[in-house]
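Numbering (our numbering), first residue to last: 1 to 267.
Virtual Cβ for every residue (Gly too), placed ideally from N, Cα, C.
All values derive from a computational prediction rather than experimental measurement.
Heads up: the structure comes next, in structure tokens.
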């Protein structure tokens, strides 16, 4: 069964054709204010000449019962749903819940706290039966809004937050992906270490409260062995919670795989 999975992030839109839970084709474009053009264009590229059963879309916004209810990160429009519906039935979901369900499906049967650590920061609890806990209004994902002094965690420890802090220190605009590869840049190393330790403190508190069977970290920063990840892991180990911490099984593709799983619920 051919499904389309679309993962809209803060910096890029990734789309894939998924068959039997395997990504068989993918395309990508930058995230811009023209999502009403970008998203349908990518979908039509993948759907051309094929029968598509359904489309799942993960967005970095609050989603309540399949409806986007915020506009903090991307220029969302319901016209996107209308354009995609020409191809197949569409289901919209929060990107972090997509990633969380994908990771649970890789090792089902126990609860999981999923933390998405990339351009932004968010989290989701998946119950032992595989349901992502949405909260009353679909907003049980807001780890990045936790306060750290006068600032939200996301402003300090997310990929975008690290980039802005680096620019404030040096005057240079450098992507977090590049900063993570700089082994001889003490400012980059300091900021990435700080980001990992700040996220660890927030994740430790949340894990103590929710008591999941395991914690999985995904997203661009959470899927790679970087200074930031090693700082997070070290702080986590020092806390001695007895809860395993792992990088995402699906790596940076967790959101895409989860969007495909979400597509199965499209009507």
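Original post:
Would DSSP call residue 8 helix, strand or coil?
Top reply: strand
Original post:
Quick one: what's residue 58 bridged to in DSSP?
Top reply: 7 and 93
**OP:** Could you please give me the residues that DSSP links to residue 237 through a beta bridge?
**Re:** Beta-bridge pairing links residue 237 to no other residue.
Subject >> Whole-number beta carbon distance between residue 160 and residue 10, since they are thought to touch under 8 Å >> reply: 7 Å
**OP:** Please determine, among 106, 219, 78 and 1, the residue with the shortest C-alpha to C-alpha distance to residue 24.
**Re:** 1
Subject >> Given 8 Å, three or more beta-carbon pairs between the region 152 to 166 and the region 80 to 97 >> reply: no
Subject >> Rounded straight-line distance, which links the Cα of residue 83 to that of residue 153 >> reply: 35 Å
**OP:** Output the boundary residues of the alpha helix (DSSP H) element that contains residue 186.
**Re:** 186 to 210
Original post:
What residue from 113, 141, 7 and 67 has the CA that sits closest to residue 247's CA?
Top reply: 113
Original post:
If you run the structure through DSSP and keep just helix, strand and coil, what is residue 81?
Top reply: helix
Subject >> Under 9 Å between C-beta atoms of residue 201 and residue 215 >> reply: no
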